[in-house]
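*Asks:*
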Amino acid sequence: MSKQQKPSALHEKDGVSESEITNEASIQSIKHKRRVQPSTDELVSEILKGNITALSRAITLIESSNPTHLEKANAIIKMCLPHANNSVRIGITGVPGVGKSTFIEAFGLHLTEIGKKVAVLAVDPSSSLSKGSILGDKTRMEDLVKDENAFIRPSPSGTSLGGVARKTRETIILCEAAGFDTIIIETVGVGQSETAVHSMVDFFLLLKIAGAGDELQGIKRGIIEMADAIAINKADGDNLKSAKLAKVEFNRALHLYPQKDSEWQPKVTLCSALKREGISDLWALITNYLEHTKANNYFESNRTNQNKFWLLQTIEERLKSDFFNQPKIKEALEDQLQLIEEGKTTPFVAAEYLLNLS
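So in numbering that gives the first Met the number 0, the last spot in the sequence shown is 357, and the numbers never skip.
(1) Measure the C-alpha to C-alpha separation of residue 268 and residue 274 and round it to an integer number of angstroms.
(2) Going straight from the alpha carbon of residue 339 to that of residue 355, what length do you get?
(3) With distance defined between alpha-carbon atoms, name the residue in 176, 154, 112 and 171 nearest to residue 147.
(4) Quick check: the Cα distance between residue 169 and residue 231, rounded to an integer number of angstroms?
(5) When the Cα atoms are used, what is the spatial distance from residue 344 to residue 335?
(6) From residue 60 to residue 72, what does the alpha carbon distance come to, in whole angstroms?
(7) From this set, 139, 202 and 56, which residue's C-alpha is nearest residue 298's C-alpha?
(8) Beta strand (DSSP E) containing residue 179: first to last residue?
(9) Taking the beta carbon of residue 314 as the centre, do at least 16 other beta carbons fall within 10 Å, making it buried, or is it exposed?
(10) Report the rounded CA-to-CA distance for residue 84 versus residue 332, giving the unit in angstroms.
(11) Relative to the C-alpha of residue 307, which residue among 95, 39 and 198 is closest?
(12) What does DSSP give as the partner residues of residue 120 in its beta bridges?
(13) Between residue 294 and residue 301, what straight-line distance do the alpha-carbon atoms span, to the nearest angstrom?
(14) Looking at residue 101 and residue 205, is the spacing between their C-beta atoms short of 9 Å?
Encoded structure:
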């Protein structure tokens, strides 16, 4: 086109070039697509087909603090509930350095190899600040991440353990509806997270390593009482001898505890997640536990009791949140804290005053 020639109507319209019109149309199209979100029915339909994208979207709604999102999430959970409760839920705890990431990957891969669909979740109330161990674990579970029969979800963010645990429990329902028949829930192994995980699983596994001095030293009594099995990891090479000794010591200790409500005697087993040894034996042990607890009806009664527990926990969380979010309580709380600091009131008198304000 020469300098004297005017652009044709094909190239310019009302003084605006065709390329500008096309770009603007593309931008508007993209914005429109972003605004269009699948309906509740569409999400549920795709979740029931095992669509991972739909499952992830629904979990994001559960984790949101947006009231509209939560309303939609509650509707999705209600619709998925009839398709849930068809999995085995396994809790895994252990202090940092015990090899949880390697173990969970080896265990998960074994399960997918025998035809299971595995979802790995986490309960870590510190994740919103520290980014949580499970975020790092996901990058280390490279083989499991690529497995089409596995799904790994980082811990939901949250400042309270109760809030994080509730979101995780609701996520379990969606994962079960999506066809995952084995749910693995990891806890960071500190604080009260073990108790929260124990209250939402069928089988609770304590992961340990040998060679750290007195094997029982430093272990909270409550964790031992909760454990249905103890797996001593890294039982290979030079560690094998000390792992066998640790197994004897743990077995001796477990027999000193009162019988569990499940009437199951907790077992101690050895494994090497790195070498993928002892993993199939552990799954056989879990299978035996499930057969035992289903035969004596403990499996169903335990799930019922867990549901009752989470009803009360949810009410408690909601009441606590509603109480502290009241403007008059926020203001009065600061005053009462100052009075306590000055020694002019007691915690009990201050609490009574605040409760009477609500």
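C-beta atoms are modelled at their ideal positions from N, C-alpha and C, and glycine is treated no differently.
All values reported here derive from a predicted model rather than from experimental measurement.
*Replies:* For this structure:
(1) The alpha-carbon atoms of residue 268 and residue 274 are separated by roughly 15 Å.
(2) Rounded to the nearest angstrom, the two C-alpha atoms are 18 Å apart.
(3) It is 112 whose Cα lies nearest to the Cα of residue 147.
(4) The C-alpha of residue 231 is placed about 31 Å away from the C-alpha of residue 169.
(5) C-alpha separation (whole angstroms): 8 Å.
(6) Roughly 5 Å separates the two Cα atoms.
(7) The shortest C-alpha separation from residue 298 is found at 202.
(8) No residue range can be given for residue 179, since it is assigned to no beta strand (DSSP E) and is classified by DSSP as neither H nor E.
(9) Flag for residue 314 reads exposed.
(10) So the alpha carbons of these two residues sit roughly 42 Å apart.
(11) Nearest of 95, 39 and 198 to residue 307, Cα basis: 198.
(12) For residue 120, the beta-bridge partners assigned by DSSP are 184.
(13) As the crow flies, the alpha-carbon of residue 294 is around 13 Å from that of residue 301.
(14) No, they are not a contact pair.
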